[in-house]
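Asks: One structure follows; several queries about it will come next.
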Amino acid sequence: MFLTRVTPRLSGLVTPAAAVTRSTTILTVRKGPDVVIMGDGQVSLGDMIIKDNVRKLRRINDNIIAGFAGSTADCLALMDKLEGKLEEHPQQLLRSCVELAKMWRTDKILRHLQAVILVADENITLEVTGNGDVLEAKDGIFAVGSGGPYALAAARALIDTELTAHEICEKAMKIAADICVHTNHNFTVETLKTATKD
Numbered sequence: 001m002f003l004t005r006v007t008p009r010l011s012g013l014v015t016p017a018a019a020v021t022r023s024t025t026i027l028t029v030r031k032g033p034d035v036v037i038m039g040d041g042q043v044s045l046g047d048m049i050i051k052d053n054v055r056k057l058r059r060i061n062d063n064i065i066a067g068f069a070g071s072t073a074d075c076l077a078l079m080d081k082l083e084g085k086l087e088e089h090p091q092q093l094l095r096s097c098v099e100l101a102k103m104w105r106t107d108k109i110l111r112h113l114q115a116v117i118l119v120a121d122e123n124i125t126l127e128v129t130g131n132g133d134v135l136e137a138k139d140g141i142f143a144v145g146s147g148g149p150y151a152l153a154a155a156r157a158l159i160d161t162e163l164t165a166h167e168i169c170e171k172a173m174k175i176a177a178d179i180c181v182h183t184n185h186n187f188t189v190e191t192l193k194t195a196t197k198d
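The sequence shown maps to residues 1 to 198 in this note's numbering.
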């Protein structure tokens, strides 16, 4: 399921900071009884490593897990907005994310925030972007950030093995960290049980 451009795209919003805000790797894998989200701890500014132990994951109401790539302040502001939408629409993650995307693209302040959010509950995994996109993972795997393509490829290669969701995340993130200079091996993880338990 793909919901793209829920509001019109606004031009001229790409700034030099946009290249910096995605210098990380966040990966989520849904397999069997678990959905796992994992992120690295590195914060980069251009070619410099500013910090190596930042937590880029968040748990909402014990039944939703999220990860973000972008400016910390921007990401936390958007996560607060998402929590507000979830209060308006309890147990409706998709609707809440669509409403967040609409607000993100139309609000005069929020539309300048540079971030990408991965969010999952027991039923669905979504990617929300500042372009107004709300995308559902068709295979249960999403990855964002500068190391995202490497983590995504590795996770897809491992998804049909006997490895658990956590093991797939860990191996894929290690591969991404070995390749991407903006990603380190200091991983944090959040896990939920899926709606269909084995």
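Backbone N, C-alpha and C define an ideal beta-carbon position, used for all residues, glycine too.
For the ligand ZN, is there a heavy atom less than 7 Å away from the beta-carbon of residue 35?
Replies: With respect to the ligand ZN, the structure shown offers nothing to examine, as it has no ligands at all.
Asks: Which word fits residue 106, buried or exposed, when buried means at least 16 other C-beta atoms lie within 10 angstroms of its C-beta?
Replies: By the neighbour-count rule (16 or more Cβ atoms within 10 Å), residue 106 is not buried but exposed.
Asks: Rank 78, 192, 164 by C-alpha distance to the C-alpha of residue 109 and give the top, closest one.
Replies: The shortest C-alpha separation from residue 109 is found at 78.
Asks: Just to confirm the assignment, what range does the alpha helix (DSSP H) spanning residue 31 have?
Replies: Where residue 31 is concerned, there is no enclosing alpha helix (DSSP H), although the beta strand (DSSP E) it sits in stretches over 25-31.
Asks: Label residue 181 either buried or exposed according to how many other C-beta atoms from any shown protein chain fall within 10 Å of its C-beta, with 16 as the threshold for buried.
Replies: Result: exposed.
Asks: Let me know the secondary structure DSSP gives residue 147 once reduced to three states.
Replies: In this structure, residue 147 counts as coil in the three-state DSSP scheme.
Asks: Which residue spans inside the stretch 43-105 form an unbroken alpha helix (DSSP H) run of at least 4?
Replies: If we require 4 residues or more, the alpha helix (DSSP H) runs fully inside the stretch 43-105 come out as 72-88.
Asks: Distance cutoff 8 Å, beta carbons only. Does residue 192 sit that close to anything in chain D?
Replies: Going by chain labels, chain D is absent from the structure shown, which holds only one protein chain.
Asks: Could you give the DSSP three-state label for residue 110: helix, strand or coil?
Replies: The answer is helix: DSSP assigns residue 110 an H, G or I state.
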